[in-house]
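Residue 41 is where the sequence shown starts when you use my numbering, and the numbers rise one by one after that. Where is the CB? At the ideal position from N, CA and C, for every residue including glycine. In this text, all values refer to a predicted model and were calculated from it rather than measured experimentally. Structure record follows, encoded as structure tokens.
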Amino acid sequence: MKVLFVCTGNICRSPTAEGVLRHYIEKHGLHDIIEVDSAGIHNFHIGEAPDSRSQRIAKKRGVSLAALRARKIEAADYEFFDLILAMDQSHLDYLKQQAPSNKTSHLHLFLNFAGKEHSLEVPDPYYGDDGDFEYVYDLIDRGVQALIKKVSLPVGHEL
41 MKVLFVCTGN ICRSPTAEGV LRHYIEKHGL HDIIEVDSAG IHNFHIGEAP
91 DSRSQRIAKK RGVSLAALRA RKIEAADYEF FDLILAMDQS HLDYLKQQAP
141 SNKTSHLHLF LNFAGKEHSL EVPDPYYGDD GDFEYVYDLI DRGVQALIKK
191 VSLPVGHEL
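The structure is reproduced here in structure tokens:
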């Protein structure tokens, strides 16, 4: 299963989700089951590392985002990834407009697809404080755990 997380500029939400999923893939030996990447719908930050606040919060939880670099979603991504997960409705709308008509069935809101949260969107913490980044990290972590269980976790395996 190839998963792509998408947010606005690929410096806060989607790289956090990528980093958290990579952490669980490594921790539970899921390399043969899940591949992950992230992208933004805009080119504001191409080549930049994730926001320092995202990195700091993730590092406190044992997850490194340091090697990740922002990129914009490309046409080839719609073909390559089995599942493209948007952080909010505006991202999903953009993805549906850009995707080939035969590739829209694998586009979803991340938390809605994971089936874990009452809120279907992951709010953008960019203009917030550390508390907002902590909240977003926790939301993403729970969503990623639910996603793993939904798409690939072997029976009897606990996270």
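The Cβ atoms of Met127 and Phe150 lie closer than 9 Å to each other.
Around the beta carbon of Gln95, 16 or more other beta carbons lie within 10 angstroms, which makes this residue buried. In this structure Phe173 is buried. Its beta-carbon is surrounded by 16 or more other beta-carbon atoms within 10 angstroms. DSSP, read as helix, strand or coil, puts Ser78 in strand. Cβ-Cβ distances below 6 Å link Glu75 to Lys42 in the same chain, with the five nearest sequence neighbours on each side left out; the list follows chain order.
In this chain, the beta strand (DSSP E) harbouring Leu147 covers 147-149. In this structure, the CA atom of Tyr177 is about 22 Å from the CA atom of Gly87.
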